[in-house]
Every structure is written in C-alpha cells, then in structure tokens.
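Numbering (UniProt numbering), first residue to last: 1 to 341.
Structure (structure tokens):
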C-alpha cells in the first residue's frame, strides 16, 4: 500500500528536510536510451522487447520499460543503475539534484563516453508539488549463484526470499484523491502520477541497494517526466553548458555536421549557413582579446624600457585600485560571460 504524506512521523521528517531539491537536471543526447520530445522522433531509441513503444503526448521523457509494480525491488533498481545493460529495459529515468554534476555528465558524454554524444542538452525540471510518501509492501527477491567445479561444470543455485519493506518515494500531491491516506501501488501507477525516488534514500531503506550502485546526487523518475515540469532546456556545445541564451548561435564544436541549437523548439537542428556563421563569429571573438592583450603587453614593455629600469612602488591608494582589478578569465564564454565548467 502507498501511505500518504503527513500520516507517519518518518514522512513528516522527510518533508521538513532539505533532501528534495528545488530542481532536477536531466542530461540527455541524441542516442540516449530514453524517449524525449526534445529529440527528433526518427532517432528515438528502439528496443526489441518494446518495438511498438511511442512517446506519449505530454511527456518530455519516457522510459523504454513500462512502469509496473515489480519495479520497486532491489533487482529492478540495480538494473537501472547498470547503464550499459540492454536486456530488460529500465522503467526509470535518471536526473541529478545539482547543476555541477549535470555539467560533468554532459562533458563526459561529449568527450569520454563510449557512445559519444554531439547534441547534448540538460533539462531543468521543477520539483514543485512533490511530497514524501512510503510504499509498504512485501517483496520476493531472487538471487542466482553460479559456481564452477574443478572439472569446469557449472552449477546454478537459485534462492528466493520474501520480506516486508518500506520504500521512500516522492509523489505529486495531486495523485492522492478524496483525502485518502492509502492507495494500492497499482492505483498509483494507473493514476499517471509523477513518482521520484532518491538513490540516497533508497540506499538506507529496506531495499538495501548497494552503496556502490548509483550516485548520491542521483534521483530517478518512474516511467516518465511530464513536459509541464520542464522549466528550460540548456544546450552543451562541447565547451560549456549555456544556461541562458547567448546573443550568438550555439553550435556543436566537434560535430562533423552543422548542428545548431534552436531555442524556439529547444532542439538541435541542422543548418549549414547558421553553423558556418557561428564558427566565424566564435573565431573572431576569440581573436580580438588576444590582439588587445598583445598590444597591452607591448606598450607595457616599452614603458619599462624607457624608464631605464627605474622601479616605482605604487602608493597605498594605487595598490588598492590595482588589487581590485579582476584577472582575465580565459575560461569565460566570449558570448555570454559564463565560465566553462
């Protein structure tokens, strides 16, 4: 059964804590194993176990696996945290609780991931309306142990255990109808409510998810993330995550194709003319500071030489003024002034 918020002390404590962030950040790219309304439908992920799966109206993100009661088990959550696994698609969708970890993930996908993404975005998702709840249920877990004898013969032992668990979740408060304090898990699924789980909370819950699985800053949505919860979509161009729209065109730095980010549709699109213009603008903006800096250094060198090595100590007032000048930041974006993560 699902117990509603405010009825249990544990839920009151969770609700008063700071564990729920104001926003989640979902990093995705063109070949992510999750359907998205911010990626062209013709390149949506397909899975042999769900060949007819289509993105449902109103969803910003949708898992390949369909939400089911069986998902709230140790095995299914661990399955989701094995990102390289293809069999038995996950019903969860990952997001992070802070922007810095989202930036690192975007950089990883662009530079180091085995599935290199060149059209990377980060969706900022509102958590407004989520309230703590608890799933109290009985779960049956299966454990397989494979051993091999000295003769090379494999032996598989299957062990099943059943136990009562209390699973902390976060539910959209509109899912609780008619003032009820309890509803079945199946009723919750059929209601289409937004449901999130914190990996940090799950680790210390009865599910006993190993600490090595997942990240402490990771949250997972169950089945879908509605488009109504997405506040904005930010492109990552290979150098930085653009949190605000710059005055110039955002393009994918290392892509062999002319991909630019269209803020009107919040998607990457092909546009040869604009991509070429963006590269030209970027190059010209990067060249200007270098020329100015070179001229400044040349003038400074001439002044020192003309003074015949005469050194002057700045006055106290001059020293304060000099110290107040910020150093040039080579990591700043020349278009919008943001620092490269």
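Yeah, the Cβ is synthetic: ideal placement off N, Cα and C, and Gly gets one too.
Here the structure is a predicted model, which is why all the values come from computation and not from measurement.
Item: Where residue 166 and residue 201 are concerned, what is the direct C-alpha to C-alpha distance, given to the nearest angstrom?; Value: 11 Å
Item: Rounded to whole angstroms, what's the CA-CA distance from residue 100 to residue 217? Just pull it up for me.; Value: 10 Å
Item: Just verifying my parser: in three-state terms, what is the DSSP assignment at residue 141?; Value: strand
Item: Between the Cα of residue 240 and those of 131, 266 and 107, spot the shortest distance and give me the residue it belongs to.; Value: 107
Item: Measuring CA to CA, which of 153, 143 and 150 is closest to residue 161?; Value: 143
Item: Drop a sphere of 10 angstroms on the beta-carbon of residue 22, count the other beta-carbons inside from all chains shown, and report buried for 16 or more, exposed for fewer.; Value: exposed
Item: Does the distance from the C-beta atom of residue 60 to that of residue 227 stay below 8 Å?; Value: yes
Item: Considering only residues of the segment 216-254, which uninterrupted beta strand (DSSP E) runs meet the minimum length of 3 residues and lie entirely inside it, listed in chain order?; Value: 218-222, 224-226 and 230-236
Item: How about residue 283: is its Cβ closer than 7 Å to a heavy atom in the ligand GTP?; Value: Summarising the ligand content, the structure contains no ligands, and the ligand GTP is consequently not present.
Item: To test your reading of the DSSP string, which unbroken alpha helix (DSSP H) runs of 4 or more residues are found completely within the segment 89-166?; Value: 99-111
Item: So residue 198 is in the beta strand (DSSP E); what residue range does that whole segment cover?; Value: 195-198
Item: To the nearest angstrom, how far is it from the Cα of residue 256 to the Cα of residue 283?; Value: 17 Å
Item: Around the C-beta of residue 88, are 16 or more other C-beta atoms found within 10 angstroms, so that it is buried, or is it exposed?; Value: exposed
Item: If we call anything under 8 Å between Cβ atoms a contact, is residue 93 one with residue 171?; Value: no
Item: Have a look at residue 253 and residue 173 and give me their C-alpha separation to the nearest angstrom.; Value: 42 Å
Item: Identify the residues that DSSP records as bridge partners of residue 63: which are they?; Value: 34
Item: Which one of 168, 135 and 233 has the shortest CA to CA distance from residue 263?; Value: 233
Item: Give me the Cα-Cα distance between residue 104 and residue 98, rounded to the nearest whole angstrom.; Value: 11 Å
Item: Measure the C-alpha to C-alpha separation of residue 248 and residue 237 and round it to an integer number of angstroms.; Value: 13 Å
Item: So which of 119, 258 and 112 has the shortest CA-CA distance to residue 30?; Value: 119
Item: Here's the rule I'm using: 16 or more other beta-carbon atoms within 10 Å means buried, otherwise exposed. How should residue 186 be labelled?; Value: exposed
Item: Do residue 27 and residue 109 have their C-beta atoms closer together than 8 Å?; Value: yes
Item: Quick one: residues in its chain with C-beta nearer than 7 Å to the C-beta of residue 37, no 5 flanking neighbours on either side, listed in chain order?; Value: 55, 59, 60 and 227
Item: Assuming contact is defined by CB atoms lying nearer than 8 Å, are residue 225 and residue 67 in contact in what I supplied?; Value: no
Item: Please classify residue 111 as buried or exposed, where buried requires at least 16 neighbouring CB atoms within 10 angstroms.; Value: exposed
Item: Grab me the residues of residue 295's own chain with a C-beta within less than 6 Å of its C-beta, minus the 5 sequence neighbours each way, in chain order.; Value: Bear in mind that the predicted position of residue 295 carries a pLDDT of just 41, short of 50, making it unreliable; the figure below should be weighed with that in mind. Excluding residues within five positions, none has a Cβ falling inside 6 Å.
Item: Which residue or residues does DSSP assign as beta-bridge partners of residue 25?; Value: 96 and 124
Item: Beta carbon of residue 231, beta carbon of residue 126: below 8 Å?; Value: yes
Item: Kindly list the residues whose CB is nearer than 6 Å to the CB of residue 159, restricted to its own chain and excluding five residues on each side of it in sequence; keep chain order.; Value: 143
Item: How far does the beta strand (DSSP E) with residue 260 in it reach, from first residue to last?; Value: 259-262
Item: Does DSSP classify residue 77 as helix, strand or coil?; Value: helix
Item: State the CB to CB distance for the pair residue 169 and residue 133, rounded to an integer number of angstroms; the pair is presumed to be in contact (CB under 8 Å).; Value: 5 Å
Item: Starting from the Cα of residue 130, find the closest Cα among 155, 140 and 195 and give me that residue.; Value: 195
Item: Mark residue 17 as exposed unless 16 or more other C-beta atoms lie within 10 angstroms of its C-beta, in which case mark it buried.; Value: exposed
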